[in-house]
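Line by line, the protein sequences are chains A and P.
Counting in the working numbering, the first sequence runs from 291 upward without gaps.
Counting in the working numbering, the second sequence runs from 291 upward without gaps.
Structure first, then comments.
There are 2 protein chains.
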Amino acid sequence: MADVQRRLSNGAQRIDFAADPARYRHWKLKFDGDVATLLMDVDEKGGLFEGYDLKLNSYDLGVDIELADALTRLRFEHPEVKVLILRSGKPRVFCAGANIRMLASSTHADKVNFCKFTNETRNSIEDASENSNRPTICVVTGACAGGGYELALAADHIILTDDGSSTVALPELPLLAVLPGTGGLTRVTDKRKVRRDHADVFCTTEEGIKGKRAVEWRLVDEVVPNSKLEDVVKTRAREFAKKSNRPADLKGIALTPLQRKFAADSVEYGSVAVSFDRKARIATVILRGPKSPPPATAADMTSQGAEFWPLKLARELDDAVLDIRANELDIAVIVFKSEGEGEQVLAYDKFLDTNRDHWLAREIRLLWKRVLKRIDLTSRSLVAIVEPGSCFAGTLAEIVLAADRSYMLIGKRDGGNRPPAAIALADINFGAYPMPNGLSRLQSRFLGEAPALDAARKVIGTMLDAVTAEKLGLVTFAYDDIDWDDEIRIFLEERASFSPDSLTGMEANLRFGGPETMESKIFARLTAWQNWIFQRPNSVGEEGALRRYGTGQKPVFDTKRV
Amino acid sequence: MADVQRRLSNGAQRIDFAADPARYRHWKLKFDGDVATLLMDVDEKGGLFEGYDLKLNSYDLGVDIELADALTRLRFEHPEVKVLILRSGKPRVFCAGANIRMLASSTHADKVNFCKFTNETRNSIEDASENSNRPTICVVTGACAGGGYELALAADHIILTDDGSSTVALPELPLLAVLPGTGGLTRVTDKRKVRRDHADVFCTTEEGIKGKRAVEWRLVDEVVPNSKLEDVVKTRAREFAKKSNRPADLKGIALTPLQRKFAADSVEYGSVAVSFDRKARIATVILRGPKSPPPATAADMTSQGAEFWPLKLARELDDAVLDIRANELDIAVIVFKSEGEGEQVLAYDKFLDTNRDHWLAREIRLLWKRVLKRIDLTSRSLVAIVEPGSCFAGTLAEIVLAADRSYMLIGKRDGGNRPPAAIALADINFGAYPMPNGLSRLQSRFLGEAPALDAARKVIGTMLDAVTAEKLGLVTFAYDDIDWDDEIRIFLEERASFSPDSLTGMEANLRFGGPETMESKIFARLTAWQNWIFQRPNSVGEEGALRRYGTGQKPVFDTKRV
Numbered sequence: 291m292a293d294v295q296r297r298l299s300n301g302a303q304r305i306d307f308a309a310d311p312a313r314y315r316h317w318k319l320k321f322d323g324d325v326a327t328l329l330m331d332v333d334e335k336g337g338l339f340e341g342y343d344l345k346l347n348s349y350d351l352g353v354d355i356e357l358a359d360a361l362t363r364l365r366f367e368h369p370e371v372k373v374l375i376l377r378s379g380k381p382r383v384f385c386a387g388a389n390i391r392m393l394a395s396s397t398h399a400d401k402v403n404f405c406k407f408t409n410e411t412r413n414s415i416e417d418a419s420e421n422s423n424r425p426t427i428c429v430v431t432g433a434c435a436g437g438g439y440e441l442a443l444a445a446d447h448i449i450l451t452d453d454g455s456s457t458v459a460l461p462e463l464p465l466l467a468v469l470p471g472t473g474g475l476t477r478v479t480d481k482r483k484v485r486r487d488h489a490d491v492f493c494t495t496e497e498g499i500k501g502k503r504a505v506e507w508r509l510v511d512e513v514v515p516n517s518k519l520e521d522v523v524k525t526r527a528r529e530f531a532k533k534s535n536r537p538a539d540l541k542g543i544a545l546t547p548l549q550r551k552f553a554a555d556s557v558e559y560g561s562v563a564v565s566f567d568r569k570a571r572i573a574t575v576i577l578r579g580p581k582s583p584p585p586a587t588a589a590d591m592t593s594q595g596a597e598f599w600p601l602k603l604a605r606e607l608d609d610a611v612l613d614i615r616a617n618e619l620d621i622a623v624i625v626f627k628s629e630g631e632g633e634q635v636l637a638y639d640k641f642l643d644t645n646r647d648h649w650l651a652r653e654i655r656l657l658w659k660r661v662l663k664r665i666d667l668t669s670r671s672l673v674a675i676v677e678p679g680s681c682f683a684g685t686l687a688e689i690v691l692a693a694d695r696s697y698m699l700i701g702k703r704d705g706g707n708r709p710p711a712a713i714a715l716a717d718i719n720f721g722a723y724p725m726p727n728g729l730s731r732l733q734s735r736f737l738g739e740a741p742a743l744d745a746a747r748k749v750i751g752t753m754l755d756a757v758t759a760e761k762l763g764l765v766t767f768a769y770d771d772i773d774w775d776d777e778i779r780i781f782l783e784e785r786a787s788f789s790p791d792s793l794t795g796m797e798a799n800l801r802f803g804g805p806e807t808m809e810s811k812i813f814a815r816l817t818a819w820q821n822w823i824f825q826r827p828n829s830v831g832e833e834g835a836l837r838r839y840g841t842g843q844k845p846v847f848d849t850k851r852v
Numbered sequence: 291m292a293d294v295q296r297r298l299s300n301g302a303q304r305i306d307f308a309a310d311p312a313r314y315r316h317w318k319l320k321f322d323g324d325v326a327t328l329l330m331d332v333d334e335k336g337g338l339f340e341g342y343d344l345k346l347n348s349y350d351l352g353v354d355i356e357l358a359d360a361l362t363r364l365r366f367e368h369p370e371v372k373v374l375i376l377r378s379g380k381p382r383v384f385c386a387g388a389n390i391r392m393l394a395s396s397t398h399a400d401k402v403n404f405c406k407f408t409n410e411t412r413n414s415i416e417d418a419s420e421n422s423n424r425p426t427i428c429v430v431t432g433a434c435a436g437g438g439y440e441l442a443l444a445a446d447h448i449i450l451t452d453d454g455s456s457t458v459a460l461p462e463l464p465l466l467a468v469l470p471g472t473g474g475l476t477r478v479t480d481k482r483k484v485r486r487d488h489a490d491v492f493c494t495t496e497e498g499i500k501g502k503r504a505v506e507w508r509l510v511d512e513v514v515p516n517s518k519l520e521d522v523v524k525t526r527a528r529e530f531a532k533k534s535n536r537p538a539d540l541k542g543i544a545l546t547p548l549q550r551k552f553a554a555d556s557v558e559y560g561s562v563a564v565s566f567d568r569k570a571r572i573a574t575v576i577l578r579g580p581k582s583p584p585p586a587t588a589a590d591m592t593s594q595g596a597e598f599w600p601l602k603l604a605r606e607l608d609d610a611v612l613d614i615r616a617n618e619l620d621i622a623v624i625v626f627k628s629e630g631e632g633e634q635v636l637a638y639d640k641f642l643d644t645n646r647d648h649w650l651a652r653e654i655r656l657l658w659k660r661v662l663k664r665i666d667l668t669s670r671s672l673v674a675i676v677e678p679g680s681c682f683a684g685t686l687a688e689i690v691l692a693a694d695r696s697y698m699l700i701g702k703r704d705g706g707n708r709p710p711a712a713i714a715l716a717d718i719n720f721g722a723y724p725m726p727n728g729l730s731r732l733q734s735r736f737l738g739e740a741p742a743l744d745a746a747r748k749v750i751g752t753m754l755d756a757v758t759a760e761k762l763g764l765v766t767f768a769y770d771d772i773d774w775d776d777e778i779r780i781f782l783e784e785r786a787s788f789s790p791d792s793l794t795g796m797e798a799n800l801r802f803g804g805p806e807t808m809e810s811k812i813f814a815r816l817t818a819w820q821n822w823i824f825q826r827p828n829s830v831g832e833e834g835a836l837r838r839y840g841t842g843q844k845p846v847f848d849t850k851r852v
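If you want it as structure tokens, here you go:
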């Protein structure tokens with residue numbers, strides 16, 4: 291398959307991860323008190339790229355960008371919602387999964403980025419249930435296949451209608467010679483805990499499973515006669531809403547549009563600035579600290595809304611990372627820098643700590659957690675450069691800990707007048723932002739050195755200079771001004787000279803020491819195998835199943851088992 | 291790269307996994323009381339395939355087959371050994387890792403099989419330490435690079451000589467654009483618990499790390515001046531031997547050569563028979579139960595030696611599985627059957643339970659554990675067929691539980707006179723044979739159904755008919771004679787029609803629900819990424835690093851990060 295970048299159907303040069311509910315083409319959000327309903331009703335002609343129609347509620351990255359946006363808005367704009375109903379807006383089909391023609395014509399990088407983003411979105415559905423007490427009920431009417439069933443799997447409760455034809459299925463293997471790679475295999479075994487031999491039968495049965503057997507095999511939670519479906523959905527919604535401990539009568543904030551200016555070699559946000567050195571294959575992301583102290587009260591935070599610094603920065607950083615991932619494939623290294631006052635950053639962290647039971651403070655922290663995980667899972671070399679004038683403290687110190695390595699300048703720059711660089715830890719660094727493996731970044735860092743973790747805890751709130759930070763193991767290297775430029779230059783040049791693929795593989799291993807969770811298994815065991823299959827001629831070759839699907843020709847397989 | 295099978299340098303048609311110490315070409319075993327020394331001294335001209343020399347103690351599958359053999363013999367033939375010293379028999383080089391020219395000219399299947407086997411062998415080094423109280427000390431003199439350091443990582447204690455030039459290194463990424471895939475990345479983070487940013491530096495530093503920094507970064511346990519090396523090795527050996535709780539004065543048994551008869555479509559062992567239906571792409575492995583009751587005493591077991599049924603069967607089954615893996619790449623499905631009396635199998639399990647503190651009984655159980663794990667990790671569809679006359683009980687019931695699915699016949703076959711099929715569980719099925727994920731196969735099976743696990747425990751020792759076994763969830767399907775042949779035929783035909791790659795990926799996910807361990811991470815996160823890289827042009831393409839290594843030409847990379 292020619293690995294050629296496809297054209298966006300809207301004529302744009304970049305995939306845009308920002309969405310506007312007023313212009314959704316694929317989803318409808320309805321509200322009824324504390325119950326929200328998200329209807330999937332994909333516009334066939336609304337494909338992100340040229341060359342395919344999104345038939346039967348099949349989806350592509352564009353559909354998922356709207357879904358991710360809707361899920362985020364639900365959390366910030368509609369905190370009154372206690373339960374989400376996810377269902378189809380089309381008759382006789384729930385969702386046919388990822389669009390096959392889109393996949394068949396995708397570059398390898400497109401496929402991988404698409405799957406990664408959809409996985410992150412499904413994880414965020416589970417996060418809302420687990421951490422925001424806002425569960426999701428999925429109502430399956432009609433065919434629910436492949437990525438459609440994987441979407442259902444992200445819900446807490448799956449209701450399947452018993453109309454003689456509605457089924458759940460993972461037909462990827464028999465139909466396309468690929469895996470149900472959006473968490474499907476992992477959620478079947480680890481979340482639904484389907485018995486492994488039943489899972490084997492299910493995943494090799496193209497037509498799927500319906501009715502009683504779907505419940506017996508734990509594939510869905512209940513099967514309901516079509517005539518009673520709406521009553522049951524209402525009842526379940528009430529039950530789940532009752533179990534949620536979310537306060538009533540919350541009022542949301544508006545997630546106002548991101549302010550961005552794209553130029554040839556930069557993207558300028560309010561609190562984030564991205565610049566590209568495309569020759570050196572480097573993106574520099576500068577995070578700007580707060581310009582003013584935190585507000586006095588939670589009510590003030592709410593009235594600042596989307597302008598409240600931690601929220602603004604998280605949204606902008608998320609967009610910047612997604613933009614680099616999808617649109618800047620030649621970038622090898624993301625260099626993180628920061629500008630501002632570390633004490634101010636700590637003050638905001640303290641403010642969020644103080645208001646940790648306020649719904650908005652909690653949602654902001656959860657958003658940061660997800661953005662930081664997105665960085666962990668970004669297949670670029672990550673380096674933090676800690677210089678005079680930077681503000682890597684508290685929440686922003688997580689960026690240093692997320693980096694593959696970090697450099698910190700000792701003392702001042704020659705001729706510079708900014709005070710020496712300092713970093714600082716806060717309570718927030720010790721558990722509130724778990725990585726996909728379930729550990730904090732400090733725990734992951736000090737897997738073998740409990741004393742180092744204790745020592746780090748003892749300096750909470752202290753501004754640490756470079757020598758101290760290196761001694762405490764918080765940064766990789768501390769250099770003075772004499773060596774600084776050379777060391778960093780050599781590192782960046784060397785990094786760009788390595789094979790991109792081997793870096794992706796190495797970083798995916800070194801970043802996730804220690805335990806695995808269902809989430810990390812999805813991005814490791816499942817995704818790595820899927821990416822392998824996405825390279826194999828049996829699926830993507832000219833005679834492979836993905837290419838031949840729908841052509842009437844049978845795929846031809848190399849029968850060797852590897 | 292042309293994916294063409296290479297020629298074995300000994301002119302044989304099959305890779306032979308049986309080795310004979312008298313004909314080792316690459317390893318020397320020396321004994322000094324309770325201390326054994328295994329010297330790696332690779333014969334340059336002793337490559338398994340044609341086309342490369344094994345310079346600088348580099349290795350290929352043939353070298354590793356001898357290593358695996360030596361490690362198994364140590365356990366059975368030399369139980370008096372309490373500590374193993376692993377070191378180089380060559381001056382100035384410990385081990386240069388996997389031979390690069392061998393890798394560069396390998397087919398994808400060869401690479402994957404090679405890495406899997408070497409990983410299993412390194413795991414067995416750790417198993418001997420953990421479960422047989424026989425630790426390994428690795429003495430590094432000279433360059434210890436790539437697979438050489440990965441071998442060292444399997445030891446409990448690594449001593450590095452401080453001679454100014456001896457180093458440890460994982461240069462795979464900068465040199466070859468592949469990963470340290472024989473457990474290297476995982477053991478660095480999860481076993482040695484090297485800090486992730488140090489690991490990043492280490493794995494991108496071609497020349498490696500020596501001296502004090504190697505200790506500070508936890509890469510080795512101690513650095514010793516060359517002049518004191520031999521004294522320190524002796525001291526450490528004594529210390530480790532003292533800590534081992536192995537009894538003194540044990541006498542081993544001889545692992546006599548396997549009796550095998552290879553024919554065109556079969557391999558006949560004593561207790562195992564393999565037949566190939568190459569057109570249907572099926573290998574049938576028949577396991578034969580014991581012909582006589584277990585011996586009366588442990589001493590009798592010892593005098594039976596390698597003829598003792600559980601040991602004989604484990605060795606033969608291991609060889610059969612390895613043979614299929616490496617030499618029968620077109621086989622899609624392994625069908626496991628058994629013949630014999632289930633009660634007899636249970637009697638042997640009871641005998642091994644009773645003698646569980648006897649060194650030989652323990653080693654036999656540990657060998658079974660490793661053979662069963664080898665089956666879990668075999669990338670072929672596994673099916674157990676439970677028919678009249680079979681003996682899937684106790685240890686052999688693990689084969690049914692290891693299968694991707696299982697079929698059991700209800701009642702007798704039409705016209706048959708054998709009694710209906712029965713299976714039975716024993717204590718041994720509830721923990722003694724953990725899978726790579728650390729759970730028993732029953733735990734993995736009933737992840738979501740604790741009551742099912744309890745119900746299974748209640749029927750320990752009972753011969754269960756097909757209907758009962760299906761009800762208890764121990765087999766996938768129970769069919770009577772009317773449906774039996776059709777159901778199995780349809781399944782086998784369907785399985786052979788699927789893409790081999792997608793089956794490999796699916797099975798690797800469904801078999802390992804639940805937690806991950808360091809061992810399972812090596813075969814999942816690490817291996818799956820490595821296999822992906824082994825498909826990427828940046829490493830294996832005409833201009834890729836693996837192909838261009840040693841040619842003087844620099845590799846050319848596609849710079850896109852995926």
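For each residue, glycine too, the CB sits at the ideal point set by N, CA and C.
{"query": "Residues bridged to tyrosine 272 of chain P (per DSSP)", "result": "This structure cannot settle anything about residue 272 of chain P, because the visible part of chain P is limited to 291 through 852."}
{"query": "Element boundaries [alpha helix (DSSP H), containing histidine 488 of chain P]", "result": "486–493"}
{"query": "Same chain only: Cβ atoms within 7 Å of proline 899 of chain P, ignoring 5 sequence neighbours per side", "result": "Given a span of 291 to 852 for chain P in the structure shown, any question on residue 899 of chain P remains unanswerable."}
{"query": "Beta-bridge pairing of glycine 387 of chain A - partner residues as DSSP gives them", "result": "A:Ser348"}
{"query": "Proximity test, Cβ basis, 8 Å: glutamate 806 of chain P and chain A", "result": "yes"}
{"query": "Euclidean distance between Cα positions of methionine 591 of chain P and proline 580 of chain P", "result": "13 Å"}
{"query": "Interface residues of the segment 294–315 of chain P facing chain A [CB-CB below 9 Å]", "result": "none"}
{"query": "CA-to-CA distance, alanine 433 of chain P to glutamine 303 of chain P, given in whole angstroms", "result": "35 Å"}
{"query": "Chain-ordered chain A contacts of leucine 782 of chain P [CB-CB under 7 Å]", "result": "None at all; the shortest Cβ gap to chain A is about 12 Å."}
{"query": "6 Å CB neighbourhood of lysine 551 of chain P in its chain, flanking five on each side removed", "result": "Glu558"}
{"query": "Which listed residue (P:Tyr439, P:Asp717, P:Arg652) has its alpha carbon closest to that of arginine 536 of chain P", "result": "P:Arg652"}
{"query": "Contacts that proline 686 of chain P makes with chain A (C-beta to C-beta distance below 8 Å)", "result": "For clarity, residue 686 of chain P is leucine in the given sequence; the question names proline instead. Neighbours of leucine 686 of chain P on chain A: none; closest Cβ ~18 Å, over 8 Å."}
{"query": "Rounded separation between serine 395 of chain A and methionine 330 of chain A - CA only", "result": "24 Å"}
{"query": "Members of the segment 813–833 of chain A near chain P, C-beta cut-off 8 Å", "result": "Ala814, Arg815, Leu816, Ala818, Trp819, Gln820, Asn821, Trp822, Ile823, Gln825, Arg826, Asn828, Ser829"}
{"query": "Residue of P:Asp620, P:Arg313, P:Thr408, P:Gly352 minimising C-alpha distance to serine 299 of chain P", "result": "P:Gly352"}
{"query": "Cβ-based burial, arginine 297 of chain P [other Cβ within 10 Å; buried from 16]", "result": "exposed"}
{"query": "CB contact check: aspartate 620 of chain P to chain A, cutoff 8 Å", "result": "yes"}
{"query": "Proximity test, Cβ basis, 8 Å: histidine 398 of chain A and chain P", "result": "yes"}
{"query": "Contiguous alpha helix (DSSP H) assignments of at least 4 residues, all confined to the segment 382–454 of chain P", "result": "390–394, 398–422, 437–443"}
{"query": "Which residues DSSP lists as bridging tryptophan 822 of chain P, in chain order", "result": "Beta-bridge pairing links tryptophan 822 of chain P to no other residue."}
{"query": "Against chain A: residues of the segment 710–739 of chain P by CB proximity under 8 Å", "result": "Ser734, Arg735, Phe736, Leu737, Gly738, Glu739"}
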